[in-house]
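Single-structure report; data block below.
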Amino acid sequence: MEYYMWIKTFHFLAFISWMAMLFYLPRLYVYHAEHIDNKDFVKVVKIQEDKLYNFIGWPAMIATVASGALMIILNPSMLSSGGWLHAKIVFALLLLAYHFDNGRYLKLFREDRCFKSGKFFRAYNEVPTILMIGIVIFAVLKPF
21 MEYYMWIKTF HFLAFISWMA MLFYLPRLYV YHAEHIDNKD FVKVVKIQED
71 KLYNFIGWPA MIATVASGAL MIILNPSMLS SGGWLHAKIV FALLLLAYHF
121 DNGRYLKLFR EDRCFKSGKF FRAYNEVPTI LMIGIVIFAV LKPF
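Under my numbering, residues 21 to 164 are what the sequence shown spells out, in order.
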């Protein structure tokens, strides 16, 4: 079972990378929305958004989900160890939905069809923090 701890370590590292993208991409959306009239700025930020989502976000998300699934496959008894894992999985699914919603906004910005305000994206940027707090509490404290 020694390899299990390596998979768990990889899962943590992938999750941290994924969270970095989920924290920063909406911040880029704030800048994009607030400087929409500055075409040179928008041109640069579009490149940043695209690279962050596609070259960091997607691989980190896939690695997180795959390593999490592998841990459950290797240790299926976790599914009967209490409701904490089920709650964590629900929060992880919400994080996946948030990831894909970021992709939707990326497409809208790419096509110059996103008209949400910087204020909207400042609030939107808090969603992954709330979900992450829940995931960490469920995984570490296993409250139920």
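A virtual CB, placed ideally from N, CA and C, is assigned to each residue, including glycine.
For residue i, count neighbouring C-beta atoms within 10 Å of its own C-beta (all shown protein chains included) and say buried if the count is 16 or more, exposed if not.
| i | result |
| --- | --- |
| Val-156 | exposed |
| Pro-46 | buried |
| His-52 | buried |
| Thr-84 | buried |
| Pro-96 | exposed |
| Phe-141 | buried |
| Asn-122 | buried |
| Leu-115 | buried |
By alpha-carbon positions, which one of the options ends up nearest to residue i?
| i | options | result |
| --- | --- | --- |
| Asn-74 | Leu-90, Pro-148 and Phe-120 | Phe-120 |
| Met-81 | Pro-96, Asn-58 and Ala-117 | Ala-117 |
| Ile-56 | Phe-164, Arg-133 and Gly-154 | Arg-133 |
| Met-41 | Met-152, Leu-161 and Ala-159 | Met-152 |
| His-31 | Glu-22, Ala-86, Val-62 and Leu-72 | Ala-86 |
| Leu-128 | Asp-70, Lys-108 and Asn-145 | Asp-70 |
| Tyr-49 | Ile-109, Ser-101, Ala-143 and Pro-79 | Ala-143 |
Could you check what DSSP says for residue i in three-state terms: helix, strand or coil?
| i | result |
| --- | --- |
| Asp-70 | helix |
| Glu-54 | helix |
| Pro-79 | helix |
| Lys-139 | helix |
| Phe-129 | helix |
| Gly-88 | helix |
| Pro-148 | helix |
| Pro-96 | helix |
Please report the Cβ distance between residue i and residue j, rounded to the nearest whole angstrom; I am assuming they are in contact, meaning their Cβ atoms lie under 8 Å.
| i | j | result |
| --- | --- | --- |
| Phe-164 | Gly-103 | 5 Å |
| Trp-26 | Gly-77 | Not quite, the Cβ-Cβ distance comes to about 24 Å (not below 8 Å), so this is no contact. |
| Lys-66 | Arg-130 | 6 Å |
| Leu-105 | Met-98 | 5 Å |
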